[in-house]
Amino acid sequence: MKIKFLLILVLFGLCLSAQEEIKLDNLNDFKAQAGNWQIVGDVTVNRHVDVHHEATEENDSKKKKKRRKKKRNAIEPPKAIVSTPGTGILLNINDKEKHDALITNWEHGDLLLELEVLLPKGSNSGIYFQGRYELQLKDSWGVKNPLGSDMGGFHNNWETDEAKIFRGIPPTSNASKAPGLWQTYKVHFQAPRFDETGKKTANAKFISVDLNGVRIHNNVEVPTYTGGPIEKNEVAKGPLLIQGNHGPVAIRNFKYQLLKESSVELTSLSHVIYKGAFKGLDELNENAKVATGKSNKIDILSVGEEDEYGIMYIGTLDVAEKDDYIISVGYTGGVKLIFDNKKIVEDNSSSGEGWLNEEVTLSKGTHKFILINIKSAAWRAPRLGLSIKSKSTNSKDFHTYDSYPPNINTVSPIFVQPDSKPRLLRAFVSFNGNGKRLSHTIGVGTPEGVNYIYDLGAGNLVGVWRGEFVDATPMWHSRGDGSFKPKGAVQWTFLNQPIAQLSDSNTAFPETGTAPEFVSKGYVIDKTTWLPIFKYRYKDVDIENRITPDPSNNYVVHDIQFSKSGLTNWYCKLASGEVEKMSDGAYLIKDKQYYIKVLTGQIPIVRKVNGETELIIPVDGSNIKYEIIW
Amino acid sequence: MINKVIHNKIKVIIVLIVIGFSQIVLAQNAPKEEDYYRITKVPTPEGVKVEGGGVLSLPDGTIAVCTRRGDVWIIENPTMANGYPSKFIKFASGLHEPLGLAYKDGALYTAQRGELTKLVDTDGDRIADVYETVYAWPLSTHYHEYSFGPVIAPDNAFFVTANVAFGNEEWWRGESRVPWRGWTMKIYEDGRMEPWATGMRSPAGYGLIDDELFYTDNQGDWVGSGGLWHLPKGVFTAHPAGLKWSEHKDSPIKLTKEAFYGKIDKRQVKKNGRYVKPENIIDEEDPDFVYEAKASFPEVQLPAVVLPHGILGISNSEIKVDKTGGKFGPFSGQVFVGDMGQSKIMRVVLEKVKGEYQGVAFDFRSGFQSGVMRMDFDQNGNLFVGETNRGWGSAGTTNSGLEFLTWTGRIPFEMKTVKSMPDGFEIEFTKPVDKSSAEDLDSYQGKSYIYKYHAAYGSPQANLETINLKGVNVSDDGYKVRIVTDNLRPFYVHEITLNGVKEKESGQITLHPTFYYTLNNIADGDKLELSQLSTKRSSSIKKKVAKKTKASKTAVAKKTKMVLTDAQVQPLLTNNTCVACHHKEKRIVGPSFKLIAKRNYTDEEMVDLIYNPQPKNWPEYATPMAPMPQVPKDEALKIAAWINSLK
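Protein chains in written order, with the UniProt record's numbering: chain A, 1 to 630; chain B, 1 to 647.
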């Protein structure tokens, strides 16, 4: 087969990140509240205690309560969430008296928001954008078909007037994690727009919402306020509000960026059109001039030629605010942008293409603007575009749509989904989504939506996720690259051969399996579950791995069996990263990303090798069974 | 009465006209491939995508097909006999782009990208429940690291071939990033692996011929043209990437990459801090050829049969020997080779000369709906063809599919085989030839050429030379013709077209009039005496007439620029291999001629682009065009003028 052209897609300008961070050393960014919100150092959740259940108890009859109280007097009931003093985490623990919402001192229109949130079992809260549009925070772990009232949904309001009813918008998938684990949100919010008379001209819109790295909303409009707004109206600006009356919630890494419309204007724009096979920008000359005119926007189609042309735009850039601006010029051929006689970007070519980006500080006032473009490359379509943004403004285009049309991927995606039986599919997989590419990996998806990736080359469970199975477009479209992408929020584990005989406790596990010590034997299908039983041989011991969903179809149970007993200096690595032991014997891994719980009685050891903290258990040949809960 | 007479007259005239027409129709009704071999599509159930990576006839009469989507289908009643559709049974799924199937002792074996896998149905429900890894090899996870196979060796072991990866910055250079990319592996049921041979670039085809392993490779860097190689243990064929592992303890090859590149320029040059892609050097003074490399390195294995690039395919695939005992027609025992890009099948006949395999290749059957990847004969002698083009583009109407080829029972007039003779070749026909046409030296036209051995992508036909016939000798039964020439060149492809040799019975020329013989060795034996040869040339009689027409033609040409018609340009496009990648209307591998016309090149600019293509001009086409300096300037100008007339 033939060699491949590397198509480098130039991605431009779309990657936004929140810049301001609320340190959470204090509550100065927020309005005063009853005291249910506090700054703490750490939080620990007992994942078995349901706060929703506790809350209902409060409303129970006095008789029942008394009965319970009696019971409880015997042993203090475990708390759902406990904290340690310190800073860095915002914690709400509401009770009958104190249950205020937390409201920012500042108000926002368009907003980028990033934060991490942690909820105990059964808890419920919400982030109200502009105090009016609630993105639901809720323990929705295990919900198969999420609603607007679930984690990541936009909550319905309870209006009865047809015109005001909002029925809620569920997330496109349930990407939420188990109680007591940190979950990340990344939101790009666009405020509603109003005309001078105060009439709404555009709905509030969530450009994107990512939960735990999974896109759960894409350009979703919320046409009115959701349930429980700060006020029952819509406005251009409002504060961010976090609900505090439905259960405990902890928040950290709170970052935001206020965005406004760019006030930069391009005025007095005129253009000169040239004809000729110009090979460089300096070849434009008076003699080649064919037309002049005025323009509102940059529009390469106004040249009227497919090729062998030049165009020069001259105008004034009106800057209302001094700021650092990111200037982006998209083009085919060659291009040069000049502000106030200073070159901003240049590609002195006749056949180039792409986007050129440059950050410049522009003072308040007017700036002389010159943009020159030539093209002498018949195979490239005419393209010229200019976009300007600053870190606090949305990007603004100064060109017509088809002068530089957006890069839209029109490939039909190829999704793979299990039907009534589990679906297995081998492919290359990038660990962590963008890390090391593994070559001998297989994805297993169950009809119940519990999925995992297993590395046959190391006998290792490398990742688990819930929801839809995989996107195989990268493997099967055109030539393909042999890989697929999991469609959910993958909880990645680690890269090692996890079962090994180690010469001493300071020896690291092998990076991967290597012949002749380690030999993969493939798998057989268990015809009762249609799930694979993986087999390999390590040091003359036959080892079998079964990875199955737990009975509630929420997480996985990893079962490992050995053909020999009496093994010495053998260990099994369960996890990599910081480890916290929980009261139920489970271990919290990697800064509260997931839980490991051993079911077969082996006592885990926490050790540090080469700077990496590991959770391991000794192996003697008896069965190992542990849960991965995320 | 008068009326009636007139009426009758008209009738007669009509009859005459009809007769006249039908005569013309008959005369034009030249034999076509489909008269002898019929293609039938096997419809797949909605939603089932058969990008055929493996096709295998099973002992129970079913056909097994493995697909790029990772499934293995068992197809019951694949020829749709009894007017009943075939049934598709999903035997296995989830495999990693498997590219081959073999059957042994009740199990199916397939090469996934990273391992040889044994698939077993232990409980008889026709669904595999064992996916056993026989042997796994490392991969760097480059997209081009395809693995092909297995083919079952006579000792019941398995052969698997492995593609090279390509460089990152040097995206044109084949690389063996991990063992044993660029190699053929021999794998045993117990999990042992024996590195067998290297030099593979994109070894998509493999098969046993006379119980010996053969493989096909694709044109590219270090592979001037596709071809068929005999692969005994320990040989090195073409691409040097795999030599990286020759110092490995298990390597049967001792030739190191240092020794190799010490002799043959790697063409790895940096300019302004960036690597420069090696291109064909036009008018190169002393180009390297593989046979010269063989003189330095005895491990080098020459291609047994070159399949000239662009003529006999552009991306050769499966090798299949006709063991149907005549059910597939008159070519029993011969070899069929598929091609992905041109969606066709070629025919090869091997002979052993001086202990080495070499032989002849012919076109056989084109017109498949997509790239021909894998083939196997069912028990009735139908040739099943698994198809895909995998994003590279191919002739035909689809990107993938499954078809089968059936012999109609008619015998085509063809060259059955061509053998090397000490003074030329012996051609054997399927039917007796018309003696007078076969004895006419003007019925033959020949040239010979060779391909360069270099780091550039592909190679033009180099050192072109006309083959002049000294004479011919036609056997008494009309089945054999010896052609004699002084222009034999060892290692060169000898391409001879029989444009005037007619079948005795029908007066038609052969269905495929050209043979391509790779003459690594010239056979020993008795030469023919001059007295045994016919040396007549019909052109010496016709000369006068030819002169006249020629004169009138040039007169017209002087007045206006002559643009050839579609029919006139066709032979030029075919001979110069343009049609390998271009079609008048449709995108194949390259852009359509109509699209090229839109670029507004002058004829001269276009000729220049034929000699020095600029792949960057066509960024949306995956396969870069190779320089074609062998196209004669006058022909290139005619082609360019024709393309420009399509605007």
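C-beta: ideal position from N, C-alpha, C; glycine also.
The Cβ atoms of residue 523 of chain B and residue 422 of chain B sit closer than 9 Å to each other. Listed along chain B, the residues sitting closer than 7 Å to residue 428 of chain A by beta-carbon distance are 141.
Here residue 136 of chain B has 114 and 115 as same chain residues with Cβ atoms under 7 Å from its own Cβ, once five neighbours each way along the sequence are excluded. For the segment 492-525 of chain A, the beta-carbon criterion of a distance under 7 Å to any beta-carbon of chain B is satisfied by 519, 520, 521, 522, 523, 524 and 525. Scanning the segment 195-264 of chain B for uninterrupted beta strand (DSSP E) segments of 3 residues or longer gives 205-209, 212-217 and 227-230, listed from N- to C-terminal end. Residue 215 of chain B is outside the set of residues whose beta carbon lies under 9 Å from a beta carbon in chain A.
For residue 297 of chain A, no alpha helix (DSSP H) encloses it, and the DSSP letter there is neither H nor E. Around residue 425 of chain A, the beta-carbon contacts reaching into chain B at under 7 Å are 70 and 94.
Going by DSSP, residue 617 of chain A is part of the beta strand (DSSP E) stretching over 612-619. Chain B has no Cβ within less than 9 Å of the Cβ of residue 383 of chain A. For residue 133 of chain B, at least one C-beta of chain A is nearer than 9 Å to its own C-beta.
Around the beta carbon of residue 409 of chain B, a 10 Å sphere encloses fewer than 16 other beta carbons of the protein chains shown; the residue is thus reported as exposed. Restricting attention to A:515, A:526 and A:507, the CA atom closest to the CA of residue 611 of chain A is found in A:507. Nearest to residue 474 of chain A by C-alpha distance, out of A:528, A:415 and A:442, is A:415. Within the segment 348-368 of chain A, no residue has a Cβ lying closer than 7 Å to any Cβ of chain B. Under the Cβ distance rule, residue 226 of chain B does not count among the residues neighbouring chain A, no pair being separated by less than 9 Å. Checking the DSSP bridge columns, you'll see residue 174 of chain A has no partner listed. With at least 16 other beta carbons inside 10 angstroms of its own, residue 246 of chain A counts as buried. For residue 480 of chain A, the residues of chain B that pass the 9 Å Cβ criterion are 68, 97, 143, 390 and 391, in the order they occur in the chain. For residue 177 of chain B, the CB contacts under 6 Å within the same chain, skipping 5 residues up- and downstream, are 140 and 165 in chain order.
For residue 527 of chain A, the chain B residues whose Cβ falls inside 8 Å of its Cβ are 123 and 129, in order along the chain.
Just so you know, the alpha carbons of residue 436 of chain B and residue 501 of chain B end up roughly 9 Å apart. Beta-carbon to beta-carbon, residue 497 of chain A and residue 458 of chain A are separated by about 4 Å, close enough to satisfy the 8 Å threshold.
When beta bridges are read from the DSSP output, residue 367 of chain A appears opposite A:317. Closest by C-alpha distance to residue 45 of chain A, out of A:39, A:556 and A:123, is A:123. For residue 538 of chain B, the closest of B:463, B:442, B:359 and B:376 by C-alpha to C-alpha distance is B:442. Straight across, the Cα-Cα distance linking residue 215 of chain B with residue 583 of chain B is about 29 Å. Between residue 124 of chain B and residue 546 of chain A, the alpha-carbon positions lie close to 24 Å from each other. Check the Cα spacing between residue 66 of chain B and each of B:237, B:401 and B:306: the tightest is with B:401. Residue 404 of chain A has its alpha-carbon roughly 10 Å from the corresponding atom of residue 397 of chain A. Below the 8 Å Cβ cutoff, chain B contributes 114, 115, 136 and 139 as neighbours of residue 440 of chain A, in chain order. Distance from the CA atom of residue 250 of chain B to the CA atom of residue 194 of chain B, rounded to whole angstroms, is 7 Å.
Within a 10 Å sphere around the beta-carbon of residue 371 of chain A sit 16 or more other beta-carbons, which makes this residue buried. By the Cβ criterion, the segment 352-365 of chain B is not in contact with the segment 46-54 of chain B, since fewer than three pairs of Cβ atoms, one from each stretch, lie closer than 8 Å.
Of B:636, B:478, B:440 and B:490, the smallest CA-CA separation from residue 540 of chain B is found for B:440. Put simply, the CB of residue 483 of chain A is near chain B, with a gap under 9 Å to one of its CB atoms.
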